[in-house]
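Quick note on numbering: my numbering labels position 183 of the sequence shown as 167, and the sequence is numbered without any gaps.
Even glycine gets a Cβ: it sits at the ideal position worked out from N, Cα and C.
All values reported here derive from a predicted model rather than from experimental measurement.
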Amino acid sequence: MEQTTLTPLQVRKFSTLFAMYDVDGSGALTESDFREQARRIQQAFGLSAEDRRARRLLESRVDLFHRLASGADKDRDGSVSLPEFLRYFERQILVHRAAHVASPWLTQVCRDVIELIDQDGSQSLTVHEYARLLQAMGSTADAAATFARLDRNQDGRLTLDELIALSLEFMMSDDPEAPGNFFYCGKL
Ligand SMILES: [Ca+2]
Ligand SMILES: [Ca+2]
Ligand SMILES: [Ca+2]
């Protein structure tokens, strides 16, 4: 990668997330990767394709891709390459430092997780829900161990505020032990 303000740890985190999102391993993120993620999450949570939540899940994943592409796909070829993905995070970090706004994209990822994966309507994520999500996304991490680190107040639930704080830490932190590093992929 050319000149970057990202630290090696940040590059590693964002590259791991990129690889997880690149479901078909093509080396670029496209709408079909995000459609396939929706399908896998739908299966993991036992939703039929006709279920209202399954349809919402598909819509929100497709929407998520287009939000990402509108900020990241600088050469307008309809897909997001790893260098484009890294530059997108680089810009989001600068914006956050200047204005202290959370990345709208990551905030939306958190909202979707709560809305679509929260099976018991508690507006928060349990360890079981988190484990299923990681599994659906192809992570081999020990979800229970990761969850215990993520759930700082140890109440057994991750609320939207906690998810946003973790996701901000994922983006910003250069501390290798920061819990937020492990939020999206379960491990690094
Ligand atoms: Ca791909
Ligand atoms: Ca592109
Ligand atoms: Ca908690």
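query: Cβ of E153 versus every heavy atom of ligand 3: is any distance shorter than 7 Å?; result: no
query: Report the start-end ranges of each alpha helix (DSSP H) in the stretch -13 to 17 that is 4 residues or longer and not cut off at the edges.; result: -8 to 5
query: Kindly examine ligand 3 and report whether one of its heavy atoms sits closer than 7 Å to the Cβ of E113.; result: no
query: Got a sec, what are the start and stop residues for the alpha helix (DSSP H) T110 sits in?; result: Counting along the chain, T110 falls outside any alpha helix (DSSP H), and DSSP gives it neither H nor E.
query: Comparing the CB of R141 with every heavy atom of ligand 3, is any distance shorter than 7 Å?; result: yes
query: Between the Cα of R136 and the Cα atoms of L31, K(-3), A125, A149, which residue gives the shortest distance?; result: A149
query: Within its chain, find whatever has a CB closer than 8 Å to the CB of A28; leave out the 5 residues flanking it on each side and keep chain order.; result: R116, L117, Q119, A120
query: Hey, out of A86, L134, V85, whose CA is closest to S108's CA?; result: L134
query: Any contact of the stretch 2 to 22 with the stretch 37 to 53, i.e. 3+ C-beta pairs under 8 Å?; result: yes
query: Helix, strand or coil for V85? Go by DSSP, reduced to three states.; result: coil
query: S151 and V93 look like a contact to me (Cβ under 8 Å); what is the Cβ gap, rounded to whole Å?; result: 7 Å
query: Indicate whether A127 and G170 have their beta-carbon atoms separated by less than 8 Å.; result: yes
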